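Working notes, structure below.
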Amino acid sequence: LLAAGEMLRQQLHVSNALKAEMEEKLETAEAENYRLLSEKKNEDIQKLWMQADHERALEEGNMEKEMLQSTLADLKASHEEQKAEVKAGQEALSQELRKMAEAVRALKQA
């Protein structure tokens, strides 16, 4: 009976040691799982921030492009107006020169 008791005590000791080892492995696995999940969550958050930054940069680029296109259209319109003004000025100057030439001819004939 004593031998059986001693054997049961040894088995209990081995069982407790195995239980403690398994609990330690479980705690280690849970800690590693938590670390990996946290790492994954941080990577996901970083990806979202990068995506948001990329989208913001695209939007800013589109806004700048629209602004530049508008400025270019304004400059083209202004250039066309200036060309029309120069042409009108040249025509007026040509008419003045013709009038002067006619006046000079009239003076020479007189």
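Residue numbers for the sequence shown follow the working numbering, so the first one is 57 and each next one is one higher.
Glycine included, C-beta positions come from ideal geometry on N, C-alpha and C.
Given the structure is predicted, the values throughout are model-derived calculations rather than measurements.
Secondary structure note for A129: its alpha helix (DSSP H) is the uninterrupted segment 58-165. A direct Cα-to-Cα measurement between R161 and S150 gives close to 16 Å. Separation of K164 and R154 (C-alpha to C-alpha, rounded to the nearest whole angstrom) is 15 Å.
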